[in-house]
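Residue numbers (the working numbering): 2 to 330.
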């Protein structure tokens, strides 16, 4: 933990804890009052992602531009100050009940944001090799994917980076389509998924049903050594989706020569995909709460800038096995 905000720091509305590893920051927040907007969000969606914040040079300019392009404002540009400086923030609504907050912090020297205090934990933790958020995925109901992608293009000036259809991503039972949008420097990447017609309920439909609408399905975290990272995460109790041993029988034929030992990848359940530029390694956790909604991906890129299209069938089948156990397939 890096910082916290609660009653003793002067916040009468909520408690919040910031956890950090390298360039990754998550803020876990809980409301005090039953009639708060946050409590309404929790009652409707359960634990999940409320706000995906972007670090910007000028929060006011970002807010004025996006609202001028049709975005609905959640919070106009507001200055927050304490003894460590000032931060300007503004928020807009995106798909479902999700927000994007623009954070301008060039004049702030504190731990996190004004109102937060440094957190001194007695629990010793060790880094597990995670570096930054590689991408985050938004699940949409049927018929909404293209509208959402166009919103990011028109409102935030994003561009389409990559796409796949149900011919690429399907199993015996389910299918999906996906469009990836990114900003100009390609640091922010966001796949937008929707279900495609299949024989049974897809993982996208299950998410939308249990989240009660569109929302962030998973967050992908970058590592330089996925084998080491996954090993430490397993020791910490993180549960990952299982990959059948048959996946690795033809792996080298499919992706070519790789640095890692296939036996080690099979032991950990790590998936591999390749394109003309290189390859990537990835693995997915099980949902991190009781609802089958938010989960995490661990990803290591070795030249490949794609999103593991060659792994989607194996991933879907792994998720379908979990859906079947939940009685939702």
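The C-beta atom is built at its ideal place from N, Cα and C for all residues, glycine as well.
Because the structure is a prediction, the values reported are computed rather than measured.
Can you tell me where the alpha helix (DSSP H) with residue 61 in it begins and where it stops? Segment 60 to 69, the alpha helix (DSSP H) holding residue 61.
Under the three-state DSSP convention, the category residue 2 falls into: Reduced to three states, the DSSP call for residue 2 is coil.
Can you check which of these residues, 252, 256, 257, is closest to residue 264 by C-alpha distance? 252
Alpha carbon to alpha carbon, what distance is there between residue 55 and residue 1? The structure shown does not extend to residue 1, since the chain spans only 2 to 330, so no value can be given for it.
Kindly indicate which residue of 96, 64, 160 has the alpha-carbon position closest to the one of residue 142. 96
I want to see whether chain C comes within less than 8 Å of residue 105, judged by CB atoms only; does it? The displayed structure is made up of one protein chain only, and chain C is not part of it.
Rounded distance between the beta-carbons of residue 298 and residue 221, thought under 8 Å: 4 Å
If we ignore side chains and look at the alpha-carbon of each, how far apart do residue 156 and residue 124 end up? 43 Å
Identify the continuous alpha helix (DSSP H) that holds residue 209 and give its terminal residues. 204 to 212
Along the chain, where does the beta strand (DSSP E) containing residue 110 start, and where does it finish? Unbroken run through residue 110: none, as it is neither H nor E.
Please confirm if the segment 211 to 218 is in contact with the segment 111 to 123, defined as three or more CB-CB distances below 8 Å between the two stretches. no
How about residue 227 and residue 282: do their beta carbons lie closer than 8 Å? yes
What residue from 109, 41, 287 has the CA that sits closest to residue 324's CA? 287
Note down, in chain order, each residue of its chain lying with its Cβ closer than 8 Å to the Cβ of residue 100, except the 5 sequence neighbours on either side. If the five residues before and after residue 100 are omitted, its C-beta is found closer than 8 Å to the C-beta atoms of 51, 52, 53, 75, 92, 93, 94, all from its own chain and listed in chain order.
What residue range is occupied by the uninterrupted beta strand (DSSP E) comprising residue 105? It spans 100 to 105 - the beta strand (DSSP E) in which residue 105 sits, taken as one unbroken run.
Alpha helix (DSSP H) segment containing residue 292, residue limits: Here residue 292 belongs to no alpha helix (DSSP H), and DSSP marks it neither H nor E.
Quick one: measure Cβ to Cβ for residue 23 and residue 131, integer angstroms, because I've assumed they're closer than 8 Å. 6 Å
Residues that DSSP places opposite residue 52 in a beta bridge: Answer by DSSP bridge pairing, in chain order: 100.
The segment 28 to 35 touching the segment 5 to 20, judged by at least three CB pairs closer than 8 Å: The way I'd put it, the segment 28 to 35 does touch the segment 5 to 20; three or more beta-carbon pairs between them come closer than 8 Å.
Please determine, among 35, 270, 194, the residue with the shortest C-alpha to C-alpha distance to residue 243. Among 35, 270, 194, the Cα nearest to that of residue 243 belongs to 270.
Just how far apart, CA to CA, sit residue 280 and residue 116? 43 Å
For residue 213 versus residue 45, is the C-beta distance shorter than 8 Å? yes
Based on the DSSP output, what are the partners of residue 224 in its beta bridges? 131
Cα-Cα separation between residue 1 and residue 62, rounded to whole angstroms: Past the edges of the chain, shown from 2 to 330, lies residue 1, and the structure says nothing about it.
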